[in-house]
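First residue of the sequence shown: 4, per our numbering; consecutive thereafter. Backbone N, C-alpha and C define an ideal beta-carbon position, used for all residues, glycine too. Notes follow once the structure below has been shown.
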Amino acid sequence: YVQYAAMRGDKSDNLPGVPGVGEKTAAKLINERGGIDGIYASLDEFTPKLRENLAANEDQVRSNIEMMVLVRDVELPYVIDELTRGESDIEGIKKLFDFLEFRRLWDRLAPLLGVAPTAAAKVLEPEITVYESAGDSAAALTAANSGSDVLALAVPEGGIHQGLAFVVDGPRAEVGFVDGRFLEDSGVRDALGTLLNSDGRLVAMHGAKPTMRGMLDMGVDLRDLSIDTRLAAYLLDPADSRYDLGELLLRYASLEMATGGAPVGQLDLDGGEQESVGIQAAREALAVDRLVMPLREAMASQGLLDLHDDLEIPLVRVLAKMEHRGIGVDPDVLTRIRDELNADTDSMRAAVIAEAGHDFNVNSTKQLREVLFEELGLTPQKKTKTGYSTDAQSLEKMRHEHPIVENLLNFREVEKLRSTYGEGLLAEVGEGNRIRATFNQTVARTGRLSSDAPNLHNIPVRSERGRVFRTAFVAPVAHKLLVADYDQIELRCIAHLAEDPGLIGAFERGEDIHTATAAAIFDLAPEDVHVEERSKAKMVSYGLAYGMEAYGLAQRLNIAVAEASAILESYFEAFPSVRSYMDHTVNVARERGYTETLFGRRRQIPELASSNRQIRQAGERQAMNAGIQGLAADIFKVAIVGLDKALEDEGLDSTIVLQVHDEIIIEAPEAEVTQASELMVVVMKGAFDLRVPMEVDLQIAETWADAKG
4 YVQYAAMRGD KSDNLPGVPG VGEKTAAKLI NERGGIDGIY ASLDEFTPKL RENLAANEDQ
64 VRSNIEMMVL VRDVELPYVI DELTRGESDI EGIKKLFDFL EFRRLWDRLA PLLGVAPTAA
124 AKVLEPEITV YESAGDSAAA LTAANSGSDV LALAVPEGGI HQGLAFVVDG PRAEVGFVDG
184 RFLEDSGVRD ALGTLLNSDG RLVAMHGAKP TMRGMLDMGV DLRDLSIDTR LAAYLLDPAD
244 SRYDLGELLL RYASLEMATG GAPVGQLDLD GGEQESVGIQ AAREALAVDR LVMPLREAMA
304 SQGLLDLHDD LEIPLVRVLA KMEHRGIGVD PDVLTRIRDE LNADTDSMRA AVIAEAGHDF
364 NVNSTKQLRE VLFEELGLTP QKKTKTGYST DAQSLEKMRH EHPIVENLLN FREVEKLRST
424 YGEGLLAEVG EGNRIRATFN QTVARTGRLS SDAPNLHNIP VRSERGRVFR TAFVAPVAHK
484 LLVADYDQIE LRCIAHLAED PGLIGAFERG EDIHTATAAA IFDLAPEDVH VEERSKAKMV
544 SYGLAYGMEA YGLAQRLNIA VAEASAILES YFEAFPSVRS YMDHTVNVAR ERGYTETLFG
604 RRRQIPELAS SNRQIRQAGE RQAMNAGIQG LAADIFKVAI VGLDKALEDE GLDSTIVLQV
664 HDEIIIEAPE AEVTQASELM VVVMKGAFDL RVPMEVDLQI AETWADAKG
């Protein structure tokens, strides 16, 4: 029966079986082949589909067998009396079930524990006071200074310029709302600034950065944010991506946010849209108030409090300041680049049409298919639901078949630059000829920052046409841009984590790490390493930081998988501690269900428990990647927070205006260039004590392009 159930699967024990193998097939295979070993010894005799499913799930089948056999001779470090059931921690069980959202399971368990099943979650509805004047608003903000230990805030969806809700009395669910009109009053702003930066209380918000940026626009600097419930939820579950306040309230506090209009007798505003704005902000402020302690307890239980309090929270203000300040650009340069791209796009479109022999819409996939595959007879590479693919990968494989393909690839490259950056960056130029992008803390699961509106992290650098955009990013008059970039931070993290003597030695000696790696992989003297070998070694090194395996390496180097596999094997022979680290990382992550950086940042990887081999392998790559990328991300965050503090402590006017990957850009008055430059290097190098030196490349220039060479 055990082997039969292992093939078929057992839902009661949560053991997945082989896809396509039901009761009849499992029984037939076991009877004909004498058991599991006989089945797997004769895979070649089965139909292709059955053979594929059996092979892909062999590990799961054999694991099922082990799981279903009772072990009867385990030595236990207990006596029988110690195993007697004691009193249940009902409150603890309820909290755990609420956190895991086991609501139906709790309803089944509750009667067995002698408690009532779950009642409908209590709806959280605030008592709202709306202040009728600037004077009333200022007085209320001043009075709130002597309130509870937590100051929870929220703003309407449109931002703080529409108003501000703050919890006056948490236990009584009393919330005050200041209309955006009154926030323009200097007295109200002064009272708000004093309230926000008073000592001895926790200032809490959900997704605080946009509000902090709006406050900076008003001249109010929130320096003492204590908890951001969105950030806390991200640290607890970086895969969530939504971090909806209502869902968090239900999960962590067993409360439900109210919806709909205001209760009768509450919130006498001007009515209509403004009324709903105030209601929603008040509800969110009260939800934040109720979430503060449960989220702090949850973070404490996972060792995440220090990461939240000492790194992520200070970073919120740094990013808000960057967004508020923005980076200077020259609109004339952007306009010239756009016009040149417009001309190039027209020229390249004409070249494609000339090769086709007639006019057609180059951006129409349908018309392009007709030209390429029906009229010119090119070889289709793959088929989609709507027809033959014309994506870049397919076109690359057809490049040699007809000149139109080369022209088409060039057209697409330039058209993307024109639309995304030529037009896109000009549209984002704001007050003072500055671009103010958004920087995101809760998007990348590894802890890396991302950027949008516009995405300045993706400014092209690989082509000359792309690099020219950096010429438009400029320092103001009598200022310089200080551009500091960590040198190979991910590879240094690998050396530190793996404790590999070969890598550590190469970094300590200041060698070109890619040349040293190539020499080790290909058994060459460093002086005999050519550009091609160095390029391959570089791809291997950075590929490992992203969990890349032989197939991925083969794709990137355009070589056979066997050759890529041999290169990887040579790498691990040269640096064996790296393989040991990778294997250990995956094994620990599989056992725990998550990875953890040296700073305590966790990333859940449920894919490691999948019965599907491809999904499981993807999880293994994520596990390898998470530790390396996560450590690099944490180091960078320590650096940028420390640098911002150092600039303020020294009383400098120099400010951080941009972050791109492992690069920080400061805008410095010419008189401060020397001092700010020294601070950048010292702070960035000292962000973390790696086993290898952390090197920082610093350039000083008037444009971003000049700094990058």
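Rounded C-alpha distance that separates residue i from residue j
| i | j | result |
| --- | --- | --- |
| residue 248 | residue 291 | 8 angstroms |
| residue 526 | residue 52 | 44 angstroms |
| residue 600 | residue 252 | 28 angstroms |
| residue 571 | residue 562 | 13 angstroms |
| residue 461 | residue 455 | 9 angstroms |
| residue 228 | residue 205 | 7 angstroms |
| residue 385 | residue 400 | 11 angstroms |
| residue 457 | residue 577 | 42 angstroms |
| residue 280 | residue 437 | 30 angstroms |
| residue 573 | residue 524 | 5 angstroms |
| residue 138 | residue 207 | 25 angstroms |
| residue 270 | residue 161 | Residue confidence is low: residue 270 scores 46 on pLDDT, short of 50, so the model does not pin down where it sits. Its coordinate-derived value is still stated next. Spanning the two alpha carbons is a distance of roughly 19 angstroms. |
| residue 14 | residue 67 | 12 angstroms |
| residue 504 | residue 446 | 35 angstroms |
| residue 685 | residue 662 | 18 angstroms |
| residue 268 | residue 345 | Here residue 268 scores only 45 on pLDDT, less than 50, and its place in the model should not be relied on; the value that follows carries that caveat. Their backbone Cα atoms lie some 60 angstroms apart in a straight line. |
Option nearest residue i by Cα separation, candidates the options
| i | options | result |
| --- | --- | --- |
| residue 102 | 45, 313 and 257 | 257 |
| residue 415 | 469, 308 and 351 | 351 |
| residue 372 | 388, 357 and 393 | 393 |
| residue 569 | 543, 182 and 27 | 543 |
| residue 23 | 36, 48 and 59 | 59 |
| residue 553 | 50, 567 and 488 | 567 |
| residue 420 | 305, 471 and 148 | 471 |
| residue 644 | 633, 658 and 632 | 658 |
| residue 63 | 673, 649, 504 and 617 | 617 |
| residue 730 | 250, 283 and 243 | Summary: the structure shown does not reach residue 730, with the chain confined to residues 4 through 712, and so no result is reported for it. |
| residue 315 | 10, 112, 239 and 431 | 239 |
| residue 621 | 603, 589 and 650 | 589 |
| residue 413 | 468, 391 and 367 | 468 |
Under 7 angstroms between C-beta atoms of residue i and residue j
| i | j | result |
| --- | --- | --- |
| residue 660 | residue 668 | yes |
| residue 226 | residue 246 | no |
| residue 194 | residue 145 | yes |
| residue 734 | residue 585 | Nothing about residue 734 can be read from this structure; the chain reaches only from 4 to 712. |
| residue 302 | residue 286 | no |
| residue 223 | residue 184 | no |
| residue 417 | residue 347 | yes |
| residue 341 | residue 636 | no |
| residue 475 | residue 682 | no |
| residue 507 | residue 328 | no |
| residue 487 | residue 701 | yes |
| residue 355 | residue 410 | yes |
| residue 521 | residue 537 | yes |
| residue 484 | residue 710 | yes |
DSSP three-state assignment for residue i, whether helix, strand or coil
| i | result |
| --- | --- |
| residue 2 | In the structure as shown, the chain begins at 4 and stops at 712. Residue 2 is therefore absent and cannot be evaluated. |
| residue 385 | coil |
| residue 153 | strand |
| residue 164 | helix |
| residue 538 | helix |
| residue 12 | coil |
| residue 201 | coil |
| residue 608 | coil |
| residue 102 | helix |
| residue 370 | helix |
| residue 702 | strand |
| residue 132 | strand |
| residue 170 | strand |
| residue 73 | coil |
| residue 511 | helix |
| residue 138 | helix |
Segment limits, beta strand (DSSP E) that includes residue i
| i | result |
| --- | --- |
| residue 597 | 597–599 |
| residue 575 | Premise fails: residue 575 lies in the alpha helix (DSSP H), 564–577, not in any beta strand (DSSP E). |
| residue 672 | 666–672 |
| residue 697 | Here residue 697 belongs to no beta strand (DSSP E), and DSSP marks it neither H nor E. |
| residue 396 | First-last for residue 396: 395–401, but that is the alpha helix (DSSP H), not the beta strand (DSSP E). |
| residue 487 | 482–489 |
Residue range of the unbroken alpha helix (DSSP H) whose run includes residue i
| i | result |
| --- | --- |
| residue 237 | 232–239 |
| residue 639 | 616–652 |
Residue-chain proximity (residue i, chain D), Cβ-Cβ < 7 angstroms
| i | result |
| --- | --- |
| residue 680 | Included in the structure is just one protein chain, with no chain D present. |
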